[in-house]
DNA sequence: ATGTCACTTTACAAGTGA
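As structure tokens, this is what we get:
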């Protein structure tokens, strides 16, 4: 089983690259964030032509999440109970047999002094409460997407410069830790304990070339899935301007491989 | 540390969110 998560920063702008990714990787699941499309504008036909089903919690001009899959899901839920910002489409969950797949786009928070920072913490608390209420850590659950939090100081280009700032503050990292304490494993860290693997680079200032990135796109899996996870890699090439048709997203896809049972 | 991108609109430039 292969699962990919990608913040596409507009699915309309990234459709050619998204279809190329499906062709290239042949994933079983592709979780998208920042689709920025209403469901009525979602490119279902192109995705079906590529051999995939799609479900979306759509919104424009911001947010929007989706899950593409080979098979049709048994059930789908959008949003989650207790979400403090109900009018923003940031979470979709789908079940396929005994597997639950969740695509999540965590609140950015902007800055510690911005009101959206507190909203981010409340949002993460509510997300965790929902997960603990609705799921079993002994089951097969994966939540992946743009968490807008670096798990620790290996996951940012300059810890001295950025420590305490938004994405890297202790309260944000505590919320992420709570998800790991519940039973999720940061699948990338199973096989790689080194610093410097990133999934996002600012469009500005040549950040990609200067290696000024963050690892904020995560794939978290419950222990039964972690035990089957053989590899997690970042498709850094996809972030390059020349890698495909049209411009790149500022995020790279993250790809997890699992042994079949 | 932002010379970018995507998107929007009392729309062909300027604001917004990231």
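Numbering (my numbering), first residue to last: 281 to 541.
Heads up, the beta-carbon is just placed ideally off N, CA and C, and yes, glycines get one too.
Please read these numbers as outputs of a predicted model, since none were measured by experiment.
Going along the chain, which residues of its own chain have a beta-carbon closer than 6 Å to the beta-carbon of residue i, five neighbours each way excluded?
i, result
"residue 451", "401"
"residue 403", "364 and 387"
"residue 518", "532 and 533"
For residue i, report the span of its alpha helix (DSSP H) as first-last.
i, result
"residue 399", "395-414"
"residue 469", "468-471"
"residue 297", "291-305"
Residue i and residue j: beta carbons closer than 8 Å?
i, j, result
"residue 502", "residue 388", "no"
"residue 397", "residue 429", "no"
"residue 335", "residue 374", "yes"
"residue 468", "residue 512", "yes"
"residue 539", "residue 510", "yes"
"residue 289", "residue 530", "yes"
"residue 349", "residue 324", "no"
"residue 317", "residue 340", "yes"
"residue 431", "residue 405", "no"
If we ignore side chains and look at the alpha-carbon of each, how far apart do residue i and residue j end up?
i, j, result
"residue 361", "residue 313", "20 Å"
"residue 332", "residue 427", "25 Å"
"residue 504", "residue 371", "23 Å"
"residue 291", "residue 454", "31 Å"
"residue 541", "residue 347", "22 Å"
"residue 443", "residue 474", "18 Å"
Comparing C-alpha positions only, which one of the options sits nearest to residue i?
i, options, result
"residue 411", "384, 350 and 341", "384"
"residue 407", "483, 525 and 460", "460"
"residue 483", "534, 434 and 528", "528"
"residue 418", "519, 316, 506 and 307", "506"
"residue 382", "292, 394 and 337", "337"
"residue 300", "368, 536, 515 and 377", "515"
"residue 306", "296, 425, 322 and 284", "284"
"residue 287", "414, 436, 394 and 479", "479"
"residue 295", "455, 328 and 281", "328"
"residue 490", "356, 425 and 436", "436"
"residue 536", "423, 405 and 409", "423"
"residue 434", "413, 355 and 493", "493"
Go to residue i, then tell me how far its beta strand (DSSP E) extends in each direction, as first and last residue.
i, result
"residue 355", "355-358"
"residue 381", "379-385"
"residue 324", "Per DSSP, residue 324 belongs to no beta strand (DSSP E); it is in the alpha helix (DSSP H), 324-329."
"residue 510", "509-514"
Report all residues from its chain with a CB closer than 8 Å to the CB of residue i; omit the five preceding and five following residues, and keep chain order.
i, result
"residue 520", "488 and 528"
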